[in-house]
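Enquirer: There's a structure below that I have some questions on.
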Amino acid sequence: MTSRIAVIDFETTGSSPGQGARATEVGIVLIEAGQVVGSFQSLMNAGVWVPPFITQLTGITNAMVAAAPPADEVMRAAHAFVGAVPMVAHNAPFDRGFWQAELARTGCRAAQPFACTVRLSRRLYPEAPNHQLGTLARFHQLPSAGRAHRALADAQVTAALLLRMQQDLSERWGIAAPGHAFLMALQACAKARLPKFLEQHGSKLSFFAGRPRC
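As structure tokens, then:
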């Protein structure tokens, strides 16, 4: 079993692939044993128009997308880079939706579970002003990774946030191995049950090969 986690972020032309939006950029950061061990980034050309408000938000222009590799080529490379590693994203339903939709166009299978740093931060840091990525980065004084709303920069900040979460789980709650399966159980745990959940697992998890239950 790998302890690696792939942290992913997409920039897109809209909010939902179900409404016709397509990805324009993908960034992926691999973390393992408390550190970054690899990264992947590419713009992609899905043959779609980038609306002006998206260009204003991300800095990604139609000219940049037109000069980028085809979307299916980029997604096949991203799929090969990630392999079977479980995934994390900030607001995971958004990125999971584009990961699955873009890979489906290539015929590649996307079966990894996604943990969500928004849900996790709501449980671990209820005192934060809000749970937007930029706010959490400032709250934890995480290093800047470049312009927000670019895929690799946002994936890098999300990876730094995830590493901080794993560190806090280990140091504050005594979770010896807060891997992906543990994070999935934690984010599914009701807030009212959270103290008991952390107490139960904090003194017992020296190694976790299955899925803990809340």
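Residue numbering for the sequence shown follows this note's numbering, beginning at 32 and increasing consecutively. Here a beta-carbon is modelled for each residue, glycine too, at the ideal position from N, C-alpha and C.
Could you tell me if the beta carbon of Val149 falls within a distance shorter than 7 Å of some heavy atom in the ligand NAD?
Expert: The ligand NAD is not part of this structure, which contains no ligands at all.
Enquirer: Rounded to a whole number of angstroms, what is the C-alpha to C-alpha distance between Glu104 and Met215?
Expert: Between Glu104 and Met215, the C-alpha separation is close to 30 Å.
Enquirer: For Val79, does the three-state DSSP call read helix, strand or coil?
Expert: coil
Enquirer: Exposed or buried, Arg136, counting other C-beta atoms within 10 Å across all chains shown (16 or more means buried)?
Expert: exposed
Enquirer: From Trp80 to Glu56, what distance separates their C-alpha atoms?
Expert: In this structure, the alpha-carbon of Trp80 lies about 13 Å from that of Glu56.
Enquirer: Exposed or buried, what is Ser47 when buried is set at 16 or more other beta-carbons lying within 10 Å of its beta-carbon?
Expert: exposed
Enquirer: Whose C-beta lies closer than 7 Å to the C-beta of Phe239 among residues of the same chain, with five residues either side of it excluded?
Expert: With a pLDDT of 36 at Phe239, under the threshold of 50, the predicted position of this residue should be treated as unreliable, and no value is reported.
Enquirer: Just to confirm, is the Cβ distance from Ile62 to Val38 under 8 Å?
Expert: Yes, these two residues count as a Cβ contact at 8 Å.
Enquirer: Kindly list the residues whose CB is nearer than 7 Å to the CB of Thr166, restricted to its own chain and excluding five residues on each side of it in sequence; keep chain order.
Expert: Ala159 and Pro160
Enquirer: Can at least three beta-carbon pairs, one atom from the segment 120 to 127 and one from the segment 68 to 85, be found at a separation below 8 Å?
Expert: no
Enquirer: Hey, which unbroken runs of the alpha helix (DSSP H) at 4 residues or more fall wholly within the segment 170 to 202?
Expert: none
Enquirer: Please classify Thr89: does DSSP put it in a helix, a strand, or coil?
Expert: helix
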